[in-house]
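Peer 1: Below is a structure I'd like to ask you about.
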Amino acid sequence: MERRSMRWFAAAMAVVSLTACGGGGGDAPSDAGGSGSSADQSPSPSPGPNPDPGGTPPAPPPAGTPPSPPAPPPVGTPPAAPPPGSGTAPIPDPGPGPVTPFTVTVASAPQRGLKLEWTAVAGAVGYRIERDVDASDGVDNFQTVDFVAAPALSRTFTDLPLVEAMNHKYQVRAIGAAGPPLAIDAESVSGDLAASITSGPTTLDDSSGNMARAMATALRDNSRHVLAVGLPGANLGMGTVKIYERPITGGAWVEAQPGLSLESLELEDHFGASVALSPNGMYLAVGIPGDDGATDGSGVNPDPLPTALDVKDSGAVQVYRYVAGAGWTPDARIKAINAGPRDSFGAAVAISNDGHLIVGAPNEDGSLPPGGYWINSFIPAGLGDDRTNAQDRGAVYGYGRSSVGYSSVMYMKPPIDGGGRSLYYGAALALDALGQRLAVGAPGASYNGSRAGGVVFYDLSWNFTTPTEVFPGAALKEHVGTGGERSVPLTDDPPLSSSAFRGLGGALAMSALGDWVAAGYAEKGGLVTGTGVSLPSNAGQVALYRHQGGAWAWHSSPTAPAPRANDRFGINVSLVNEGKGLQLLVGAREDSSGHNGLMRAADIAPESFSSTPETGAAHYFVANADPSQPMVLKARLKSPNRIHQEWLGLSTAMTKDGNELLLSGQYQDDPNEPFSKVIFFGY
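Under mature numbering (1 follows the signal peptide of the UniProt record, and there is no 0), read the sequence shown as residues -22 to -1, 1 to 661, first letter to last.
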């Protein structure tokens, strides 16, 4: 109402002014406002019905009668323009006054979060928040995710998969009591989201022995995520394992019980050098490759005589079972039936939902010819060591679990010679949830004549009544090897951190259904099979295999988008294929790229220099829309505050639903404090 009154007043003032000054010369417009009238002109007839054309015209007013003032203009009529040369401008409409623009901002927030903030809008009863999950496709596809009642001006979302959140776009609509939105604004997520990354802090010294960490995840009762982190360098190399849990709906990781350990541990046993959780979260296997204890009988819960001599670094495995109300309880201690010095039994472990256990001993020297064998409680002829001809050839052991506990059921050697010594067969293992498909890494094998390594696939059956006789080649499906440029010296009994274990098969991951396997090849250089890509020395690659039609076949070979020499992409791999489809996480422990947090794949470019070398990274891939085609890189992940020789990516993991990616490494920046300040990062 105030604005309409002002317009009428402006029009009236224009009439009075022009009447007083005589019009300033010139023809006046003949609009309804009367601004062109002058004192000596006859007034226009008053508005009204048209006179009867045949009637008498109205009588003129008596002489000397002043002209009638013009009628006020209709409501909403704009002010009339002044006559030319009058020098008088119309009085402008003052409008509603200054208006603050409606704007939305998006910023990182703790706990894998994003915080939205916006300016207030007068009359708004609330604000509707909409999300486009992939702004990178250039097409707006907003879906409502929340409504915030006024006067609140912010909303924080937490527990987001950051590799997806970095591509989000948010739109906020200011909603009035009725009618269309009062205001709308949108903003895309930007930046590295470093402040959104979660971490598990620690002051535990885990530097002894410079051993890599290990991580494993599970989903218990479809309601709780479980995370096991092996810290083999902790407590002067005795080692420990930490167990964390959180609800599937989100929230922070909470340590479920004090760190697992054993009273019998000794210095440099490296308890936790490998860890495996059954996918259902009911069983945990912990590798102890530096254990020196003697074996006894079949190696299951051995009870050697007090006079039995130690077997240096023969290795062992401790199995735990989850009991509601009691937590993780010891279930079995396992030694190899033929425990030998420096065999590193327990360097790799895998366990099924039923508790069936597979153990790798990559430095085992058994002299049995190639093949697989069923064994129980005795040592078949030829199971002893041959350190001359079979040094570090490696072996894999299987232990079935029944209602009466564990029993030794399998002993497997490489299926073919593959170079004789130093195959390191058993350096990595991957098992499906049912324990029916097994992949074994042999990173030193020469299946193609180049010591580039290989992967051996098996179909397993857990037959506890099989006679105790040998079956050469039992359960063997096939072996796979790829070419490469790699030169590894034949060093006897190399440590597990040695480059000897970085050929193809040095790291493995299998989907729970057993339909995909990823094999790391951290020492890869030269031409990559099937891609045309040529890599610098030790840049690294991954070989991806798919099970179809009853057979395994090579699928593709993911590499880093901007590979550099000695990145060691593929030092560790994780893979899930659940509701969100196939996802792959690849560690590159010596990556030296110069950013913190996350970087979108489209933004990754070659770099010639880094002020913080060997910080480490991981690369995240998702399935192609056409599953027959190579996977698609989405992001590179770095520490939120990278540190020299952090080696992030030494260990990787993903929650079983694929909603959180986990990375671990080691901090080596300060020689006076060479231990990790963070056990893991969550993305």
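Note that CB positions come from ideal geometry on N, CA and C, so glycine has one too.
1. Could you pull the DSSP bridge partners for R365 from this structure?
2. Taking 8 Å as the limit between beta carbons, can you name the residues of its chain near T83, skipping five residues before and five after?
3. Which word fits residue 669, buried or exposed, when buried means at least 16 other C-beta atoms lie within 10 angstroms of its C-beta?
4. CB-CB under 7 Å to G101, same chain, minus the five flanking residues each way: which ones, in chain order?
5. For the beta strand (DSSP E) holding A531, just list the boundary residues, first then last.
6. How long is the line joining the alpha carbons of V551 and T537, rounded to whole angstroms?
7. Pick from I226, A254, M260 and M216: whose alpha carbon is nearest that of S239?
8. Following the continuous beta strand (DSSP E) through N213, name the residue where it begins and the one where it ends.
9. How close, in whole Å, do the beta carbons of S380 and S330 come, if the pair is a contact with beta carbons under 8 Å?
10. What residue does the beta strand (DSSP E) around V374 start on, and which one ends it?
11. Report buried or exposed for P25, applying the criterion of at least 16 other Cβ atoms within 10 angstroms of its Cβ.
12. With a threshold of 8 Å on Cβ separation, who are the neighbours of Y578 within its own chain once the five nearest residues in sequence on each side are excluded?
13. Take the Cβ of P284 as the centre, count every other Cβ of all protein chains shown within 10 Å, and call the residue buried at 16 or more, exposed below.
14. Name the one or two DSSP bridge partners that N555 has.
15. Can you tell which of V656, P421 and F435 has its C-alpha closest to the C-alpha of G483?
16. Considering Cα atoms alone, identify which of D321, A500 and V433 is closest to G518.
17. So A102 is in the beta strand (DSSP E); what residue range does that whole segment cover?
18. For a test of the three-state rule: what should DSSP assign to F658, helix, strand or coil?
19. How long is the line joining the alpha carbons of S276 and V387, rounded to whole angstroms?
20. I'd like the list of long-range same chain contacts for E142, defined as Cβ closer than 7 Å, with 5 residues on each side in sequence excluded.
21. Skipping 5 residues on each side, what residues in its chain have a beta carbon closer than 8 Å to that of G91?
22. Among T590, G419, K290 and A531, which residue has its Cα nearest to the Cα of D247?
23. Would you list the residues sitting across from A310 in a DSSP beta bridge?
24. Helix, strand or coil: how does DSSP classify L482 here?
25. Taking only the alpha-carbon atoms, compute the straight-line gap between P74 and I162 and give it to the nearest angstrom.
26. Going straight from the alpha carbon of P88 to that of T176, what length do you get?
27. Taking one C-beta from the region 472 to 479 and one from the region 527 to 536 each time, how about it: are there three or more such pairs within less than 8 Å?
28. When DSSP labels each residue in this structure, what does D165 get in the three-state scheme?
29. Closer than 6 Å by C-beta to N341: which residues in its own chain qualify, once you throw out the five before and the five after it? Chain order, please.
30. Can you have a look at F658 and say buried or exposed, based on whether 16 or more other CB atoms are within 10 angstroms of its CB?
31. Pick out whichever of G169, R311 and T195 has its Cα sitting closest to the Cα of D274.
32. Is Q121 buried or exposed, if buried means 16 or more other CB atoms sit within 10 Å of its CB?
33. When you compare only the Cα positions, how much space is there between V506 and D309?
34. What are the start and end residues of the beta strand (DSSP E) that includes V253?
35. Mapping the DSSP letters down to three states, classify L335 as helix, strand or coil.
36. Going by C-alpha distance, which of V610, G303 and A339 is nearest V295?
Peer 2: On the basis of the data shown:
1. Against the sequence shown, residue 365 aligns to sequence position 387. Partner(s): none; R365 has no beta bridge.
2. One-based indexing of the sequence shown puts residue 83 at position 105. Taken in chain order, the residues that qualify are L94, E95, W96 and E165.
3. The question about residue 669 has no answer, for the chain in this structure spans -22 to 661.
4. Reading the sequence shown from its first residue, position 123 is the one you call residue 101. So the qualifying residues of the chain are G154 and L160.
5. The sequence position of residue 531 within the sequence shown is 553, counting from 1. A529 to S534 is the extent of the beta strand (DSSP E) around A531.
6. Locating residue 551 in the sequence shown gives position 573, where the first residue counts as 1. Locating residue 537 in the sequence shown gives position 559, where the first residue counts as 1. Straight-line Cα distance between these residues: approximately 12 Å.
7. Stepping through the sequence shown from its first residue, residue 239 is reached at position 261. Ranking I226, A254, M260 and M216 by Cα distance to S239 puts M216 first.
8. Working through the sequence shown from its first residue, we reach residue 213 at position 235. Premise fails: N213 lies in the alpha helix (DSSP H), A212 to G215, not in any beta strand (DSSP E).
9. In the sequence shown, counting from the first residue as 1, residue 380 sits at position 402. In the sequence shown, counting from the first residue as 1, residue 330 sits at position 352. Not really, about 13 Å apart at Cβ, beyond 8 Å.
10. Counting from one through the sequence shown, the residue named residue 374 turns up at place 396. Where V374 is concerned, the enclosing beta strand (DSSP E) stretches over A373 to S380.
11. For this step, residue 25 is matched to residue 47 along the sequence shown. At P25, the pLDDT of 39 sits below 50, so the modelled position is not reliable and the matter cannot be decided from this model.
12. If you number the sequence shown from 1, residue 578 lands on position 600. One detail in the question is off: residue 578 reads as Arg in this sequence, not Tyr. S114, M144, N145, K612 and A613.
13. Stepping through the sequence shown from its first residue, residue 284 is reached at position 306. Answer is exposed; the Cβ neighbour count stays below 16.
14. Residue mapping note: residue 555 aligns to position 577 of the sequence shown, counting from 1. N555 is bridged to L560.
15. The residue given as residue 483 occupies position 505 in the sequence shown. Minimum Cα distance to G483 is reached at P421.
16. Residue mapping note: residue 518 aligns to position 540 of the sequence shown, counting from 1. Minimum Cα distance to G518 is reached at A500.
17. Here the question's residue 102 lines up with position 124 in the sequence shown. Note, A102: premise wrong, no beta strand (DSSP E); not H, not E.
18. Counting from 1 along the sequence shown, the entry for residue 658 is found at position 680. Strand at F658.
19. Within the sequence shown, residue 276 is the residue found at index 298, counting from 1. Within the sequence shown, residue 387 is the residue found at index 409, counting from 1. Answer to the nearest angstrom: the Cα atoms are 9 Å apart.
20. Counting from 1 along the sequence shown, the entry for residue 142 is found at position 164. Excluding positions up to five away in sequence, the list reads V111.
21. In the sequence shown, the residue the question calls residue 91 occupies position 113. These residues qualify, in order along the chain: T134, F135, T136, D137, L138 and S174.
22. Translated into positions along the sequence shown, residue 247 becomes position 269. If we check each option's Cα against that of D247, K290 comes out closest.
23. Taking the first residue of the sequence shown as position 1, residue 310 is located at position 332. Beta-bridge pairing links A310 to V297.
24. Looking up residue 482 in the sequence shown gives position 504. DSSP places L482 in strand when its eight states are reduced to three.
25. As a working note, residue 74 is residue 96 in the sequence shown. As a working note, residue 162 is residue 184 in the sequence shown. Confidence at P74 is low in this model, with a pLDDT of 49, below 50, so the placement of that residue should be treated as unreliable; the coordinate-derived value is given next. If I take the Cα positions, the gap works out to 20 Å.
26. Sequence index remark: in the sequence shown, residue 88 carries index 110 (1-based). Sequence index remark: in the sequence shown, residue 176 carries index 198 (1-based). Looking at the two C-alpha atoms, the distance is approximately 7 Å.
27. no
28. Counting from one through the sequence shown, the residue named residue 165 turns up at place 187. Contrary to the premise, residue 165 reads as Glu rather than Asp in this sequence. Strand, per DSSP.
29. In the sequence shown, counting from the first residue as 1, residue 341 sits at position 363. Excluding sequence neighbours, N341 sits near R320, D321, S322, D370 and D471.
30. For the purposes of this step, residue 658 is taken as residue 680 along the sequence shown, with counting starting at 1. Classification for F658: buried.
31. Translated into the one-based positions of the sequence shown, residue 274 becomes position 296. It is R311 whose Cα lies nearest to the Cα of D274.
32. Translated into positions along the sequence shown, residue 121 becomes position 143. Its Cβ having fewer than 16 others within 10 Å, Q121 is exposed.
33. Taking the first residue of the sequence shown as position 1, residue 506 is located at position 528. Taking the first residue of the sequence shown as position 1, residue 309 is located at position 331. If you take the alpha carbons of V506 and D309, they lie about 44 Å apart.
34. In the sequence shown, counting from the first residue as 1, residue 253 sits at position 275. S252 to L255 is the extent of the beta strand (DSSP E) around V253.
35. In the sequence shown, counting from the first residue as 1, residue 335 sits at position 357. Note: L335 maps to strand in three-state DSSP.
36. Your numbering for residue 295 matches position 317 in the sequence shown. That would be A339, whose Cα lies nearest to the Cα of V295.
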